[in-house]
Amino acid sequence: MTASETQYFALLRSALWDTPVAIDGPIDWNGVMKVAKHHANQALLCGVASRMAGDNRPSEAMLDKMQAVMRGSLINQMNLRRILASAVTLLHQHDIEPVLLKGFGLAMFYPNPSLRQFGDIDLYVGLDHFHEACRLLRTLPGGYNWGEEVDKGHQYNIEFGQYPMEIHRVSADMDDPKVARIYTAIERDGLHDHTQRVDYEGLEITLPSKEFVVFYTFYHAWHHLLTSGVGWRQISDVAVALHAYHGQLDLEKLRLWLTDMHLMKPWQAFGYLMVEQLGLPEAEMPFFDAQCRRTAQRLYHKVMEVGNFKRHSRFKQRRPKSRLMRWMHSFFGIFVDFFYRVRVFPSVAFREMGSSLRQMFGKVRKLGDH
Numbered sequence: 143m144t145a146s147e148t149q150y151f152a153l154l155r156s157a158l159w160d161t162p163v164a165i166d167g168p169i170d171w172n173g174v175m176k177v178a179k180h181h182a183n184q185a186l187l188c189g190v191a192s193r194m195a196g197d198n199r200p201s202e203a204m205l206d207k208m209q210a211v212m213r214g215s216l217i218n219q220m221n222l223r224r225i226l227a228s229a230v231t232l233l234h235q236h237d238i239e240p241v242l243l244k245g246f247g248l249a250m251f252y253p254n255p256s257l258r259q260f261g262d263i264d265l266y267v268g269l270d271h272f273h274e275a276c277r278l279l280r281t282l283p284g285g286y287n288w289g290e291e292v293d294k295g296h297q298y299n300i301e302f303g304q305y306p307m308e309i310h311r312v313s314a315d316m317d318d319p320k321v322a323r324i325y326t327a328i329e330r331d332g333l334h335d336h337t338q339r340v341d342y343e344g345l346e347i348t349l350p351s352k353e354f355v356v357f358y359t360f361y362h363a364w365h366h367l368l369t370s371g372v373g374w375r376q377i378s379d380v381a382v383a384l385h386a387y388h389g390q391l392d393l394e395k396l397r398l399w400l401t402d403m404h405l406m407k408p409w410q411a412f413g414y415l416m417v418e419q420l421g422l423p424e425a426e427m428p429f430f431d432a433q434c435r436r437t438a439q440r441l442y443h444k445v446m447e448v449g450n451f452k453r454h455s456r457f458k459q460r461r462p463k464s465r466l467m468r469w470m471h472s473f474f475g476i477f478v479d480f481f482y483r484v485r486v487f488p489s490v491a492f493r494e495m496g497s498s499l500r501q502m503f504g505k506v507r508k509l510g511d512h
């Protein structure tokens with residue numbers, strides 16, 4: 143771990159738990175903020191830096207840049223909050239109860255919610271109300287959409303200037319039918335049967351069950367690790383949710399969900415990092431296992447290398463125009479993904495590769511039948 147990384151985590155722990163900064167010696171602010179940008183949580187560290195005094199306080203020029211980052215985060219959140227209030231109010235008027243996913247619901251768990259960075263609004267409305275909700279939300283002023291919602295797919299997007307809203311018919315799209323059946327039962331429990339109502343600055347909103355908040359936040363981070371890269375912003379979301387709900391979770395339910403979805407080992411590896419790097423108390427990390435240290439170290443290096451949604455490669459970006467070449471591109475992409483994953487989670491890499499190959503050749507067989 144570099145000196146900048148060590149200082150980055152010390153500052154991040156201070157931001158997450160509102161504790162004093164424990165750093166000996168001068169802080170490499172340029173290096174620290176470079177790491178923070180890679181992991182999409184600069185505003186959190188800027189908030190800590192703005193309160194510091196003495197030799198470790200950033201220069202005035204650096205503080206000016208940090209103030210601009212914090213103002214941008216606050217303005218971004220205010221605009222998103224306004225759009226969220228309009229959307230929820232409109233849906234309530236038509237007896238549709240949206241469930242707030244991800245960003246806004248997680249920001250409440252931070253000591254300073256306005257410094258948790260996010261760029262969109264995620265509303266789950268379910269299958270029964272999906273088309274009606276999309277129709278209503280298209281009437282909000284300033285919205286731009288890319289056409290009518292489709293009958294397949296798990297979400298529909300409307301953009302309000304630079305602020306996107308995602309309307310979800312399902313909270314996650316599972317390709318494997320067996321896994322999809324398991325997840326559908328989890329989704330029913332967390333997004334229909336045991337939701338929670340909270341007051342969000344005067345706006346009554348519905349959140350998933352506490353177990354689903356934790357599970358889904360982790361699953362979202364895990365999914366991005368496998369596909370586009372995950373940063374410490376998303377891992378921090380899991381940690382602050384666990385801290386906020388400590389002693390309130392049905393741990394047997396959570397254990398069953400993680401086991402049925404084959405996620406217990408990844409959960410424990412992420413958990414090790416949340417305890418070791420983020421300072422989450424071990425007692426607040428369900429199913430903590432110190433024996434997964436080696437896997438967690440490999441995961442750490444992968445997270446630090448790739449960062450938040452930054453898994454960019456020329457191979458992944460180049461999509462040929464012809465159908466045959468697209469198929470070849472996707473076929474070889476399965477093996478690119480395999481080698482990306484196998485060093486950290488070998489069993490997951492082999493399982494995902496097998497599933498992807500079965501789906502690809504299944505589509506080929508269907509095309510042949512026609």
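Residues in the sequence shown are numbered consecutively from 143, following my numbering. Just so you know, even glycine gets a beta-carbon here, dropped at the ideal spot from N, CA and C.
At which residues does the beta strand (DSSP E) containing residue i begin and terminate?
| i | result |
| --- | --- |
| TYR298 | 297-302 |
| PRO306 | 305-310 |
| TYR342 | 338-342 |
| LEU242 | 241-243 |
| TYR286 | 285-287 |
Excluding the 5 residues flanking residue i on each side, which residues of the same chain have their C-beta closer than 8 Å to its C-beta?
| i | result |
| --- | --- |
| ARG456 | Low confidence applies to ARG456: its pLDDT is 49, below 50, so where it sits in the model is not reliable enough to give any reading. |
| TYR101 | This structure does not reach residue 101, given that the chain is present from 143 up to 512, and the question cannot be answered. |
| ALA322 | MET316 |
Residue i to residue j, Cα distance in whole Å?
| i | j | result |
| --- | --- | --- |
| ASP417 | SER351 | The sequence given here has Val at residue 417, not Asp. So the two alpha carbons sit approximately 24 Å from each other. |
| ILE300 | ARG280 | 7 Å |
| ASN198 | HIS388 | 34 Å |
| LEU499 | MET470 | 12 Å |
| THR148 | HIS365 | 26 Å |
| HIS296 | VAL267 | 11 Å |
| SER472 | ASP317 | 16 Å |
| LEU282 | SER378 | 33 Å |
| TRP409 | PHE360 | 8 Å |
| MET307 | ALA275 | 12 Å |
| MET427 | GLY413 | 6 Å |
| ALA491 | PHE481 | 8 Å |
| PHE354 | MET403 | 13 Å |
| PHE477 | PHE451 | 20 Å |
| GLY303 | GLY421 | 38 Å |
| GLU343 | THR161 | 25 Å |
| VAL506 | SER497 | At VAL506 the pLDDT is 48, less than 50, meaning the model places this residue with poor confidence; the figure from the coordinates comes in the next sentence. So the two alpha carbons sit approximately 14 Å from each other. |
| ALA383 | ILE328 | 18 Å |
Are the CB atoms of residue j and residue i within a distance shorter than 8 Å?
| i | j | result |
| --- | --- | --- |
| LEU257 | LEU186 | yes |
| VAL230 | ILE309 | no |
| ASP262 | GLY245 | yes |
| ARG311 | PHE272 | yes |
| ALA182 | ARG483 | no |
| ASP166 | SER146 | no |
| LEU349 | LEU242 | yes |
| LEU368 | GLU494 | yes |
| PHE251 | ALA386 | yes |
| ARG485 | ARG435 | no |
Can you list, in chain order, the residues of its chain with a C-beta nearer than 6 Å to that of residue i? Leave out the 5 residues immediately preceding and following it.
| i | result |
| --- | --- |
| HIS180 | GLY449 |
| CYS188 | MET208, VAL211 and MET212 |
| GLY510 | With a pLDDT of 49 at GLY510, under the threshold of 50, the modelled position of that residue is not reliable, and no figure is offered here. |
| GLN390 | LYS352 |
Within a Cβ cutoff of 7 Å, which residues of the same chain sit near residue i, ignoring the five residues on either side of it in sequence?
| i | result |
| --- | --- |
| TYR150 | VAL174, VAL177 and ALA178 |
Just tell me which of the options has its CA closest to the CA of residue i.
| i | options | result |
| --- | --- | --- |
| ASN172 | ASP166, GLN219 and LYS207 | LYS207 |
| PHE260 | ALA227, HIS236, TYR266 and MET220 | MET220 |
| SER168 | LEU345, ALA191 and LEU158 | Here residue 168 turns out to be Pro, not Ser, going by the sequence shown. Minimum Cα distance to PRO168 is reached at ALA191. |
| ASP270 | CYS434, ASP237, GLY496 and GLN501 | ASP237 |
| LYS407 | SER489, GLN184 and GLY496 | SER489 |
| ALA227 | LEU265, ARG440 and ARG330 | LEU265 |
| TYR305 | ILE225, PRO423 and LEU405 | ILE225 |
May I ask which residues mark the beginning and end of the alpha helix (DSSP H) holding residue i?
| i | result |
| --- | --- |
| ARG258 | Element bounds for ARG258: n/a, residue is neither H nor E. |
| GLU346 | Run containing GLU346: none in the alpha helix (DSSP H); it sits in the beta strand (DSSP E), 345-349. |
| LEU367 | 352-368 |
| HIS234 | 202-235 |
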